[in-house]
Structures are given as structure tokens and as C-alpha cells.
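Residue numbers (this note's numbering): 633 to 763. Even glycine gets a Cβ: it sits at the ideal position worked out from N, Cα and C. What you are looking at is a predicted structure, and each value in this text was computed from that prediction instead of being measured.
In C-alpha cells form, the structure reads like this:
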């Protein structure tokens, strides 16, 4: 039991997930895991069998152990009003017909374009779009 996974965080790292996958590979027969494989590996690595099963299923379906959370967690990006105004002014007038067109041209999200930072005190979108 010298190769137990030591948990220091809420989720397992990619390396720890690879360890689980490597422990499961000897149990493969005709592209299927043998009965009791999750339980056996879970006991070896001091994990819950459901965790082992989840790691195996996501690896089998996606082909990777990387998390899908990267880039989707943490604080949302905040844009200053000046930065947004600069981006809007850099876009040619013929591409500023709608907020959707403006968002596509600047690379900002539609939400950032409609935020109070862009409209500050002006509720009329046309004046902002023609600045």
C-alpha cells in the first residue's frame, strides 16, 4: 500500500487520475473491466470506488484525464470603461450596427458589451454604437 493517493485538495490532480487509470489497466479483458476492479483499485489507493469509476468513465469517454474546468472557473474578467470604449472606437462604423456585431468585432462577450461600463449613463444603444 505504498502507492496510495494522498489527497491534499478537493479534486484529484491529473497525475493522480493517471495513477488510477494505470492501476485499472491490468483488469481489462476484451476492452471491459473485470468485476470488482473499481473496488480493488479503490482499496489500493485509498479512494472511494465511485471516484475510481468516475475517473475511468471520463477517461474512456474523453480519452484524457484533464479537467474541463480550466478556463471556466475563477473570477470573471473585468473590463474598464476606457478599455471598452477604445475597442469600440477601433471598430469601423459599418461593423457597429448591433451589439452582437460589435462583440464579434472586438472579441468581447455580448455580456461585457451590454454592461453598464459601456452604456454608463446612456440608455440609447445607437449613440454608443456610433461614437
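Reference residue 721, options 745, 709, 654, 683, closest by Cα: The shortest C-alpha separation from residue 721 is found at 745.
Burial state of residue 728, where buried means 16 or more other Cβ atoms lie within 10 Å: buried
Cutoff 8 Å: residue 728 Cβ touching any chain D Cβ: The chain labelled as chain D is not found in the depicted structure, where only one protein chain is given.
First through last residue of the alpha helix (DSSP H) which encompasses residue 736: Per DSSP, residue 736 is one residue of the alpha helix (DSSP H) stretching across 731 to 738.
Which of helix, strand or coil DSSP assigns to residue 644: coil
DSSP state of residue 701 mapped onto helix, strand, coil: coil
DSSP bridge partner residues for residue 667 (one or two, in chain order): Per DSSP, none; premise fails for residue 667.
CA-to-CA distance, residue 664 to residue 648, given in whole angstroms: In a straight line, the C-alpha of residue 648 is about 22 Å away from that of residue 664.
Option nearest residue 670 by Cα separation, candidates 656, 662, 661: The shortest Cα separation from residue 670 among 656, 662, 661 belongs to 656.
Proximity test, residue 710 beta-carbon vs the ligand NAD heavy atom, cut-off 7 Å: Annotation note on the ligand NAD: not contained in the displayed structure, which lists no ligands.
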